[in-house]
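Undergrad: Attaching a single structure in structure tokens format; questions to follow.
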Amino acid sequence: MVVLTWALSLLLNNGDALRKAQEELDIHVGRDRRVEESDIRNLVYLQAVIKETMRLYPPAPVLGLREAMEDCTFTSSGSSYHVSAGTRLLVNIHKIQRDERVWPEPDKFMPERFLTEAHRDVDVRGQSFELMPFGSGRRACAGIGLGLVQMHLALASLLQGFNVSTVGNTRVDMTESSGLTNFKATPLEVLVTPRLNSELYR
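Each residue of the sequence shown is one higher than the one before, starting from 1 at the first, in full-length UniProt numbering.
This is the structure in structure tokens:
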């Protein structure tokens, strides 16, 4: 629910992206049946929305403790850092995924970036270290596959089935809470109206 809340918030604040996602659903699924899991592979813009949401608002902005197995030195931004064996480290996913050297306009919601040559093949499953909302390696989230299917299908179902807007057409407050899980600091209030034939809601 964390990613879906952020995704819907971002779409509500970016009407063009919301329109594109709903148009893609109309083209590839239509309005005479409900979206199914097998449709997701054709919904490339919706997939880009989920990736961009997890880039901007990873559900767990800091990965759990890691321990350096051996002494190492690395250089970043012209400074050298030494890490001794046994040092415990936290991985700041939030910062990595907003690195302007990798992501132009890193704080801007741009799902289209995942449709370009530069980022099309970036994988959220921990194989692309510039985007790893589920972690990486042996300690990556065990539920990646199920989580991705559920996120895509839930967002697709909501956007196909309903027109969404904010109360009073105001912008959604994007303030983050503090903690191990990246919740919105304020509740998301949404108005929904049906987009499909009433028979499809039974």
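Just so it is clear, CB atoms sit at the ideal spot from N, CA and C, and this is done for glycine as well. Note that this is a predicted model, so its numbers are computed, not measured.
#1: Please classify R113 as buried or exposed, where buried requires at least 16 other C-beta atoms within 10 Å of its C-beta.
#2: Specify, as a first and last residue, the run of the alpha helix (DSSP H) that G161 falls within.
#3: If you count every other CB in all the chains shown that lies within 10 Å of the CB of V83, and 16 or more means buried, which is it?
#4: Which partner residues does T73 have in the DSSP bridge list?
#5: From L200 to S157, what does the alpha carbon distance come to, in whole angstroms?
#6: Return the Cβ separation of T175 and T166 in integer angstroms, given the expectation that the two are a contact with Cβ distance under 8 Å.
#7: Measure the Cβ-Cβ separation of P133 and P58 and say whether it is below 9 Å.
#8: Take R125 as the anchor and find which of A118, G137 and E70 has the nearest alpha-carbon.
#9: Could you name the residues of the same chain whose beta carbon sits closer than 6 Å to that of E189, not counting the 5 residues immediately before and after it, in chain order?
#10: Is the beta carbon of P31 less than 9 Å from the beta carbon of Q160?
#11: By Cβ distance, which residues of its chain are closer than 8 Å to V62, with the 5 residues on each side in sequence left out?
#12: Determine the direct distance from the alpha carbon of E130 to that of I27, and round the result to whole angstroms.
#13: Within the same chain, show all residues whose beta-carbon is closer than 8 Å to that of E70, passing over the 5 residues directly before and after it, in chain order.
#14: Give the DSSP bridge partners of L67, in chain order.
#15: Assuming residue 203 and I40 make a contact with CB atoms under 8 Å, what is their CB distance in whole Å?
#16: I'd like the list of long-range same chain contacts for A7, defined as Cβ closer than 7 Å, with 5 residues on each side in sequence excluded.
TA: Based on what the coordinates show:
#1: buried
#2: I144 to G161
#3: exposed
#4: H82
#5: 11 Å
#6: Wrong, their Cβ atoms sit about 15 Å apart, outside the cutoff.
#7: yes
#8: G137
#9: V167
#10: Rather than Pro, the amino acid found at residue 31 in this sequence is Arg. Going by C-beta atoms, R31 is nearer than 9 Å to Q160.
#11: L90, V91, N92, I93, H94 and L180
#12: 32 Å
#13: A85
#14: Correcting the residue type first, residue 67 is Glu in the shown sequence and not Leu. R88.
#15: The question about residue 203 has no answer here: the residues shown for the chain are numbered 1 through 202.
#16: V49, I50, T53 and L155
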